[in-house]
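*Asks:* Going letter by letter, the sequence shown gives residues 8 to 250 in our numbering. The beta carbon of each residue, even a glycine, is placed where N, CA and C say it ideally should be. Encoded as structure tokens, here's the structure I'll be asking about.
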Amino acid sequence: MKYAIALGVLLTSMTVFGQFGGRLPDNKSWGLKASFNYYMPSYVATNPASQISNNTNTGMGGGFYFRYDFNERFSFQPELMFANRSGSVTSVTVSEPDSAITITETSVSNISQITAEIPLNFKMRWEFIARRQGAWKSNSTLGIITGPRLVFNMSSSRSTSSKEVTALYGQQSVEVRDLSTTNASDYFSPFSFGWSVGVDYEFLGRMIVYANYFRGFTSMNQPEFGFRSFDNRVEIGLGLRIY
8 MKYAIALGVL LTSMTVFGQF GGRLPDNKSW GLKASFNYYM PSYVATNPAS QISNNTNTGM
68 GGGFYFRYDF NERFSFQPEL MFANRSGSVT SVTVSEPDSA ITITETSVSN ISQITAEIPL
128 NFKMRWEFIA RRQGAWKSNS TLGIITGPRL VFNMSSSRST SSKEVTALYG QQSVEVRDLS
188 TTNASDYFSP FSFGWSVGVD YEFLGRMIVY ANYFRGFTSM NQPEFGFRSF DNRVEIGLGL
248 RIY
């Protein structure tokens, strides 16, 4: 289903573009985007005995956008982006079956994920007249962008190592376990949803620099793992308006 949705957006955009013989009306444009992504997920423990910590996740993203201008100020800008990230999550769970026994389990998961993302952005633009005249220097445009974003888990992997320490009357026993997986579909949620806000600056007629902040509203992982994680991300990138 997730592949069909992403493919449908792509085919629809290509069909619209083809209807104009490879040229779009003046109030429509499209282009390419690429970004460096800095992930800072937030965690909510569903098990009161658990503590969650996260090492910073980093990744890259890329895709294309289509922009429809309602007027010289407001636009609608849907996008189809693909992103990858990698990082680690550490959870510590302490339990006391009785007054004599304390069990501390530390789990470290190394994760990687590829997502297909559909931002549905609304944009407000301000155009600036170039101070220096000449065909080589076009007017520049500053934009504020905001809107919902749909995130689909396309591919993911996770490897986990855990250490369990059992303390009984001051004596400790340690058990270490390693679990490697190639597919983490049981760990990541197939779909998540959030909202993004950002700014972009278009100059030289085609070049774009932009920065976005994205906040997830639904958990990125399945709830049975003792916590919920929410996407919290900064994206800094470059774009190129093709038409």
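In the DSSP assignment, what are the bridge partners of Thr-111?
*Replies:* Thr-111 is bridged to Val-101 and Val-172.
*Asks:* So, with DSSP's three-state summary, where would you put Pro-230?
*Replies:* Of the three classes helix, strand and coil, the one that applies to Pro-230 here is helix, per DSSP.
*Asks:* Below 6 angstroms CB to CB, which residues in the same chain sit around Gly-25 once its five sequence neighbours on both sides are set aside?
*Replies:* Since pLDDT at Gly-25 reaches only 47, below the 50 mark, its modelled position is unreliable, and the value read off the structure follows with that caveat. Contacts found: none.
*Asks:* Mind checking Phe-73: buried by the 16 CB within 10 Å criterion, or exposed?
*Replies:* Counting Cβ neighbours within 10 Å, Phe-73 comes out buried, since at least 16 surround it.
*Asks:* Could you give the C-beta distance for Ala-123 and Met-161, rounded to a whole number, given that I count them as a contact under 8 angstroms?
*Replies:* 5 angstroms between Cβ atoms; contact.
*Asks:* For Asp-238, does the three-state DSSP call read helix, strand or coil?
*Replies:* Reduced to three states, the DSSP call for Asp-238 is coil.
*Asks:* Report yes or no: do three or more beta-carbon pairs, one from the stretch 104-121 and one from the stretch 144-157, lie closer than 8 angstroms?
*Replies:* The stretch 104-121 is not in contact with the stretch 144-157.
*Asks:* Within its chain, find whatever has a CB closer than 7 angstroms to the CB of Arg-213; leave out the 5 residues flanking it on each side and keep chain order.
*Replies:* Leu-247 and Arg-248.
*Asks:* Quick one: using the 10 Å Cβ neighbour count with 16 as the cut-off for buried, is Met-88 buried or exposed?
*Replies:* Flag for Met-88 reads buried.
*Asks:* Just grab the DSSP bridge partners of Pro-126 for me.
*Replies:* Paired residue(s): Arg-156.
*Asks:* Find the nearest neighbour of Thr-153 within the set Lys-40, Ser-82 and Pro-230, judged by alpha-carbon distance.
*Replies:* Comparing Cα positions, the closest option is Ser-82.
*Asks:* Straight-line CA distance for Phe-195 to Arg-240?
*Replies:* Computed Cα separation, rounded: 17 angstroms.
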